[in-house]
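Trainee: Below: one structure in structure tokens.
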Amino acid sequence: MVVDVHEAREAEHAAAHGPPPRRGLRRLTGAGWLRVLWVLPLSWVFATLLVVGLRAALGYEPLWELQVLIVTWTVIVPLAFLAGLGGFDYWLYWISGRPTRPEDHSSHGARTWKDYFRVNTDHKVIGIQYVVTTIFFFVAAGLMAMFMRAELAQPGMQYVDTNTFNGLFSVHASLMIFLFIIPAFAGLGNYVIPLMIGAPDMAFPRLNALSFWLLPIAGLIMMSSYLVPEGGAFAAGWTNYVPLAVNQADGNLMFQMGVQWAGASSIMTALNFLVTIITMRAPGMSFWRMPLLVWANFATSTLVVLATPFVAGSQFFIMFDRVLHTNFFNPELGGDIVAYQHIFWFYSHPAVYIMMLPGFGIASEVISVFARKPIFGYRLMALSLMAILILGFSVWAHHMFVSGMQPWIRIPMMVTTLVIAVPTGIKVFSWLATLWEGRLHFKTPMLFASGFVSMFVIGGLSGIYLGSVPVDIHASDTYFVVAHIHYVLFGGSLFTIFAGIYYWFPKMTGRMYDERLGKIHFWLTFVGFNVTFFPMHWVGLQGMPRRVADYAPEFGNWNFVISIASFGLGASTVVFLYNMVVSWRRGPIAPANPWRALTLEWQVSSPPPIFNFDEVPQVVGSPYEYGTRGARHAVLNGKPTETGKAPEPMEVMHH
Amino acid sequence: MTLVGVAVGVVLAIVAVFIPWLPDAASEQADIIDNVYWVVTIICVVVFAVVAGVSAYAVYKFRAPPGDMDDGSPIHGHTGLEIVWTLVPTILVTGIAVYSGVALAQSEELPPDHRVIEVTGEQFAWTFTYPDVEVEGGRPLTTGELVVPIDQTIRFEVESKDVIHSFWVPEWRMKQDAVQGITTNTTVKPTQLGTFPIVCTELCGLGHALMRSQARVLSLADYEAWVEEQQRLAREGGAIQGEELFAQQCGSCHVLADAGTLGEVGPNLDEALQGADADFILQSIVDPSAEIAPGYQDGVMPTNYGEMFTDPQLEGLVEYLLNATGGGAR
């Protein structure tokens with residue numbers, strides 16, 4: 001029996017569970033939270049003494065220079081945290097020539113909830129760590145949006161001052177982008193990709209663990225910017241345009257440094273994905289047999305690796321201007337303000353695709369399974385991802401049509417921006433064609449995936465307006481842009497994240513979520529989302545600029561409607577969280593394959609065995625052969641796998 | 656299915672046409688830009704109607720009955736269809752790109768007989784300099800409110816003294832960032848008389864939301880009369896001119912009951928200047944950092960009013976504020 005093999009192996013692991021536990025004071029030196037507890041304050045004191053001591057030795061005044069301290073703290077304390085937790089142990093042993101512990105897989109898998117708070121090398125544990133952490137930051141950033149909408153419900157200033165307001169939208173966007181959307185996709189990918197390609201884990205499990213633990217660091221740095229004395233949180237928007245960013249109070253440094261940790265985490269995960277996808281596919285899993293989610297993450301990871309260093313650089317330059325008194329962005333001494341925007345958007349436009357392509361992958365999986373049909377035009381779907389990847393690097397200056405850059409660049413950037421609608425359109429039309437003559441099951445993941453397609457079309461079409469230079473001259477930096485990005489990132493990315501979470505919830509937790517609550521969540525979100533964001537197109541075109549705490553009185557009525565709807569949208573998240581928590585604890589036990597899907601992750605138990613597959617799977621066909629009787633994606637030795645069914649005529653339809 | 660698509664299209668078209676999406680078009684550029692806007696809208700309505708029609712029909716027609724365990728048809732693709740939905744959007748977006756490019760060139764056309772007005776953004780006010788209007792002391796006229804003649808092409812040369820601002824008049828449709836160290840420009844030919852809001856659209860700090868001003872478009876005769884009036888004011892000063900200057904330049908940030916202004920970026924002057932003498936008021940205008948009112952931040956108020964106003968103007972402003980805040984009574 002397969003199960004017995006399994007249990008035997010687990011017992012074996014438990015028995016050989018690493019070195020004997022440390023006792024007494026020696027427990028303090030072992031990797032873990034106890035070590036963090038004393039390493040953290042020690043590193044803080046060390047960093048502070050380092051700065052104060054060096055400044056004293058060099059005769060700099062004042063000794064307590066908060067900017068320099070913030071930079072030093074946000075480098076040294078997180079490193080100490082990672083070291084305390086054990087993120088570097090293996091490598092430090094190896095580098096220093098001490099005997100490394102032979103891999104006993106003791107840091108693999110999760111037996112109790114405590115294992116989720118360790119440096120765990122199991123991609124399935126890391127995937128769940130990612131998703132739960134990112135949902136925490138999603139809720140935090142969402143609450144900030146609620147505060148903003150409360151302030152904006154009426155013209156004039158009611159609850160917060162302008163500085164606080166500027167901080168709210170800056171931290172809201174930064175958390176949503178760097179701590180929610182990007183890493184939530186990385187988390188889902190982490191869990192699913194090795195399973196989908198038939199691999200036992202990611203290529204670099206220790207690096208994977210480290211990438212995850214960089215994430216809470218980045219988030220806590222960004223959130224703790226509220227605690228910086230005088231000025232509080234960074235308040236120059238998530239775009240952090242200079243010279244405002246250079247002139248701002250010290251809290252701005254927390255953005256510059258937070259982004260470094262989030263960016264490093266992204267890059268490391270992306271490298272891991274790339275190597276895993278290229279080298280660890282199961283026998284028979286050619287590129288043309290990879291599920292589209294794997295293709296999507298392959299494209300995304302390439303984008304991350306190539307583009308993310310640019311945002312890191314742009315923020316380092318601001319930090320240097322502030323702390324080292326360089327003049328990268330000081331026009332009086334030869335600096336260039338517009339250059340910042342070019343460097344920033346050279347990352348941040350591809351970042352939009354980093355936040356979108358994995359969602360395309362999720363939508364493809366979900367729509368194919370719940371339509372019981374092969375994905376329409378599989379090869380073109382994969383190629384269009386690659387086309388978006390390449391074109392995505394050639395459109396960045398469409399964020400800068402009114403920035404004062406040389407006028408001629410606007411024309412080629414407009415052309416590429418409009419042309420990128422073509423591969424995106426191919427994807428939308430192919431999803432629609434996948435529905436055609438399918439047998440559609442509207443479970444919660446499918447609702448979110450179909451909601452995604454229609455909302456993303458609206459976001460894509462408003463992108464055509466913004467891509468056309470003359471219209472953009474009117475609409476840029478208005479609420480029209482706020483509407484556009486939320487249709488893309490909320491209607492696009494967030495809907496697919498929800499689709500993905502519901503779709504793989506049974507696989508990840510071994511339990512079913514509550515379908516009724518899932519549907520309530522979807523409809524509340526769908527209606528709340530549209531009533532919140534659609535009117536923003538109108539107020540924007542009418543003349544309401546973005547990023548304002550106060551606005552002209554004629555926009556009062558619509559802003560009131562928007563605020564009320566946004567509170568409803570916020571409340572829908574409570575339904576989601578309740579469903580997740582309660583179902584995870586008490587939901588009905590999930591079968592291995594509740595959706596009758598063909599892809600590999602559903603051919604193993606829910607949750608999967610500790611090393612995913614007891615036998616190396618043999619991939620024998622496309623992942624989407626629904627409708628072909630007996631067609632299989634893979635063969636697992638000794639285990640049945642799902643097969644396609646014959647299509648039946650639809651005479652039983654309706655009535 | 657066609658029916659559903661047409662129905663969706665009709666509803667969308669009604670929404671698109673009968674809701675006034677754009678504010679009044681008050682410049683030649685606005686007419687050009689609005690045409691592009693409507694062409695894009697027509698294309699988008701058609702595309703969305705197709706997508707919505709297909710989805711709605713599919714959801715209605717292909718929904719599986721409960722408990723259904725069968726698969727759909729094994730359709731893997733259709734080369735012809737895929738070519739169509741690659742080529743048609745390519746043609747559409749190419750058309751939009753070409754048309755947008757032409758419209759852009761038209762909207763930025765600069766006839767040789769244009770006027771130049773310099774726009775300067777700073778935290779958190781706009782100032783407008785008219786290089787062709789000379790006032791007392793041989794310097795060009797500078798105002799806090801934009802006044803332009805109708806039907807004349809104006810080249811705005813935009814600069815910033817500090818962070819990035821963006822100069823936008825929604826009714827004119829034109830927008831341009833003001834960037835320290837470079838001069839950017841935008842071209843507008845106003846075609847409607849009236850008063851229009853000027854909005855800063857680039858986040859510029861604490862007072863960004865309140866960095867609003869207005870543009871008045873006058874007939875050529877009225878404009879010339881206004882210019883002469885400005886020249887007279889700059890020459891004569893006095894409390895009455897001071898009041899007008901205050902409303903134009905200071906009121907967007909300061910409350911002053913006498914002038915009826917409501918700005919909340921800076922201190923309430925009814926309180927902060929209560930009983931203050933002329934020297935203190937003058938110092939507060941030309942060197943605002945010298946003494947900061949409790950609860951307010953240094954560096955928010957521009958520091959160049961001493962250079963911007965003529966001496967008679969400064970005297971008039973101080974005299975007015977002295978009267979308005981009760982300091983003159985003592």
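Just so you know, the protein sequences line up as chains A and B, in that order. All residue numbers for the first sequence refer to the working numbering, where the first residue is 1 and numbers rise by one. All residue numbers for the second sequence refer to the working numbering, where the first residue is 656 and numbers rise by one. For every residue, glycine included, the Cβ atom is placed at its ideal position computed from N, Cα and C. Predicted, not measured: the structure shown is a model, and the values here were computed from it.
1. Could you tell me the alpha carbon to alpha carbon distance between A/Gly198 and A/Gly109, rounded to whole angstroms?
2. Alpha carbon to alpha carbon, what distance is there between B/Pro744 and B/Ala671?
3. Quick check: what's the CA-CA separation for B/Ile969 versus A/Pro62?
4. Report the start-end ranges of each alpha helix (DSSP H) in the stretch 702-741 of chain B that is 4 residues or longer and not cut off at the edges.
5. Classify B/Asp953 as buried or exposed, calling it buried when 16 or more other Cβ atoms lie within 10 Å of its own Cβ.
6. If contact is defined by three or more beta carbon pairs under 8 Å, each pair taking one atom from either stretch, is the stretch 208-218 of chain A in contact with the stretch 287-307 of chain A?
7. Under 7 Å between C-beta atoms, does B/Phe673 make it to chain A?
8. Strictly under 7 Å for the Cβ-Cβ distance: is B/Ile751 near chain A by that measure?
9. Under 7 Å between C-beta atoms, does B/Cys699 make it to chain A?
10. In its own chain, which residues sit with a C-beta less than 7 Å from the C-beta of B/Val691, not counting the 5 before and 5 after it?
11. Closer than 7 Å between beta carbons: that is the criterion. Which residues of the stretch 151-163 of chain A meet it against chain B?
12. Ignore the nearest five residues each way along the sequence and tell me which others in B/Trp850's own chain have a CB closer than 6 Å to its CB.
13. With a cut-off of 7 Å, does the C-beta of A/Gly359 fall near any C-beta of chain B?
14. So if DSSP puts A/Pro545 in a beta bridge, which residue, or which two residues, is it bridged to?
15. Against chain B, does A/Thr525 count as a neighbour if the rule is that its beta carbon must be under 7 Å from one of theirs?
16. Give the DSSP-derived three-state secondary structure of A/Phe212 in the structure shown.
17. Taking B/Glu919 as the query, report the chain A residues whose CB atoms sit under 8 Å from its CB, ordered along the chain.
18. Can you give, in chain order, each stretch of the alpha helix (DSSP H) that sits fully within the stretch 542-586 of chain A and has at least 4 residues?
19. For A/Asp122, decide whether its Cβ has a neighbour in chain B, counting only Cβ atoms nearer than 7 Å.
20. Tell me the rounded alpha-carbon separation between A/Val561 and A/Ala153.
21. Starting from the C-beta of A/Phe526, find all residues in its chain whose C-beta is less than 7 Å away, skip the five residues before and the five after it, and write them out in chain order.
22. Using a Cβ-Cβ cutoff of less than 7 Å, which residues in the same chain neighbour B/Ala933 once the five nearest sequence positions on both sides are dropped?
23. Would you call the stretch 811-826 of chain B and the stretch 836-847 of chain B touching, i.e. three or more CB-CB distances under 8 Å?
24. Less than 8 Å between the CB atoms is what I'm expecting for A/Val71 and A/Leu253, so what's the real figure, rounded?
25. For B/Thr657, would you say it is in contact with chain A, using Cβ-to-Cβ distances shorter than 7 Å as the test?
26. Taking only runs that begin and end inside the stretch 217-288 of chain A, name each unbroken beta strand (DSSP E) of 3 or more residues, in chain order.
27. According to a CB-to-CB cut-off of less than 8 Å, which residues of the stretch 472-494 of chain A neighbour chain B?
28. By the 10 Å Cβ neighbour count, where 16 or more other Cβ atoms means buried, how is A/Gln158 classified, buried or exposed?
29. Fully enclosed by the stretch 115-193 of chain A, which alpha helix (DSSP H) runs are 4 residues long or longer?
30. Run through the DSSP bridge pairs and tell me what B/Ala870 is partnered with.
31. So which residues of chain A does B/Glu857 contact, with C-beta pairs closer than 8 Å?
32. Whose C-beta lies closer than 6 Å to the C-beta of A/Gly658 among residues of the same chain, with five residues either side of it excluded?
33. Of all the options A/His537, A/Pro623, A/Glu625 and A/Thr509, which has the alpha carbon lying nearest to the alpha carbon of A/Pro588?
34. Could you pull out every residue in the same chain whose Cβ sits closer than 8 Å to the Cβ of A/Asn247, ignoring the five residues on either side in sequence?
35. Any idea what DSSP makes of B/Arg646, helix, strand or coil?
36. Taking the C-alpha atoms as reference points, what is the distance between B/Lys830 and A/Asp201?
Mentor: Result, derived from the coordinates:
1. As a working mapping, residue 198 of chain A is identified with position 198 in the first sequence. As a working mapping, residue 109 of chain A is identified with position 109 in the first sequence. About 17 Å.
2. The residue given as residue 671 of chain B occupies position 16 in the second sequence. The residue given as residue 744 of chain B occupies position 89 in the second sequence. Going by the C-alpha atoms only, they are around 21 Å apart.
3. Position 314 of the second sequence holds residue 969 of chain B. Position 62 of the first sequence holds residue 62 of chain A. First, the amino acid is wrong: residue 969 of chain B is Leu here, not Ile. The alpha-carbon of B/Leu969 is positioned some 40 Å away from that of A/Pro62.
4. Listed in chain order, nothing qualifies, since the stretch 702-741 of chain B has no complete alpha helix (DSSP H) run of 4 or more residues.
5. Walking along the second sequence from the start, residue 953 of chain B turns up at place 298. Of the residues assessed, B/Asp953 falls on the exposed side of the cut-off, its CB having fewer than 16 other CB atoms within 10 angstroms.
6. These segments do not touch.
7. Taking the second sequence and counting its residues from 1, one reaches residue 673 of chain B at position 18. The beta carbon of B/Phe673 sits no closer than 7 Å to any beta carbon of chain A.
8. By one-based count along the second sequence, residue 751 of chain B stands at place 96. Put simply, the CB of B/Ile751 is near chain A, with a gap under 7 Å to one of its CB atoms.
9. In the second sequence, residue 699 of chain B corresponds to position 44, counting from 1. By this cut-off, B/Cys699 is an interface position.
10. Residue 691 of chain B sits at position 36 when you count from the first residue of the second sequence. For B/Val691, where only same-chain residues beyond five positions count, the Cβ hits under 7 Å are Tyr754, Ser755 and Ala758.
11. Cβ contacts with chain B come from Met157, Thr162 and Asn163.
12. Position 195 of the second sequence holds residue 850 of chain B. Residue identity check: residue 850 of chain B is Thr in the sequence provided, not Trp. Taken in chain order, the residues that qualify are Gln869 and Arg871.
13. As a working mapping, residue 359 of chain A is identified with position 359 in the first sequence. It does not; no Cβ of chain B falls within 7 Å.
14. Here residue 545 of chain A refers to the residue found at position 545 when the first sequence is read from its first residue. DSSP lists A/Thr478 as partners of A/Pro545.
15. Here residue 525 of chain A is taken as the residue at index 525 of the first sequence, counted from 1. Not closer than 7 Å to any Cβ of chain B, the Cβ of A/Thr525 fails to qualify, so no.
16. On the first sequence, position 212 is the one that residue 212 of chain A refers to. Secondary structure of A/Phe212 (DSSP, three-state): helix.
17. Position 264 of the second sequence, counted from the first residue, corresponds to residue 919 of chain B. Here the neighbours are Met157.
18. The stretch 542-586 of chain A is shown to contain whole alpha helix (DSSP H) runs of 4 or more residues at 556-586, in chain order.
19. Taking the first residue of the first sequence as 1, we reach residue 122 of chain A at position 122. Among the residues facing chain B, A/Asp122 is not included, as its CB has no counterpart in that chain under 7 Å away.
20. Mapped onto the first sequence, residue 561 of chain A falls at position 561. Mapped onto the first sequence, residue 153 of chain A falls at position 153. Looking at the two C-alpha atoms, the distance is approximately 8 Å.
21. As a working mapping, residue 526 of chain A is identified with position 526 in the first sequence. Counting only Cβ-Cβ distances below 7 Å, and skipping sequence neighbours, we find Gly451.
22. Here residue 933 of chain B corresponds to residue number 278 of the second sequence, with the count starting at 1. The beta carbon of B/Ala933 is closer than 7 Å to those of Val973 and Leu977 in its chain, skipping five residues each way along the sequence.
23. These segments touch.
24. As a position in the first sequence, residue 71 of chain A is number 71, starting the count at 1. As a position in the first sequence, residue 253 of chain A is number 253, starting the count at 1. Correct: roughly 6 Å between the Cβ atoms.
25. Locating residue 657 of chain B in the second sequence gives position 2, counting from the first residue. Chain A contact via Cβ: absent.
26. Unbroken beta strand (DSSP E) runs of no fewer than 3 residues, entirely contained in the stretch 217-288 of chain A, are not found.
27. Cβ contacts with chain B: Ile473, His474, Ser476, Asp477 and Thr478.
28. Within the first sequence, residue 158 of chain A is the residue found at index 158, counting from 1. By the 10 Å Cβ count, A/Gln158 comes out exposed.
29. Within the stretch 115-193 of chain A, the complete alpha helix (DSSP H) runs of at least 4 residues are 123-152 and 162-174.
30. On the second sequence, residue 870 of chain B is found 215 positions in, with the first residue counted as 1. In the DSSP output, where bridge partners are listed per residue, B/Ala870 has B/Leu801 and B/Phe851.
31. For this step, residue 857 of chain B is matched to residue 202 along the second sequence. Those within 8 Å of B/Glu857 in chain A are Tyr241 and Asp477.
32. In the structure displayed, chain A extends from 1 to 655; residue 658 of chain A sits before or after that span and is not available.
33. Along the first sequence, one-based indexing puts residue 588 of chain A at 588. When C-alpha distances from A/Pro588 are compared across A/His537, A/Pro623, A/Glu625 and A/Thr509, the shortest belongs to A/Thr509.
34. Start at 1 with the first residue of the first sequence, and residue 247 of chain A comes out as number 247. Listed in chain order, the non-local C-beta contacts of A/Asn247 below 8 Å within the same chain number zero, local neighbours out to five positions each way being set aside.
35. Residue 646 of chain B lies beyond the residue range present for chain B, which begins at 656 and ends at 985; the question has no answer from this structure.
36. Walking along the second sequence from the start, residue 830 of chain B turns up at place 175. Walking along the first sequence from the start, residue 201 of chain A turns up at place 201. Rounded to whole angstroms, B/Lys830 to A/Asp201 spans 52 Å at the Cα level.
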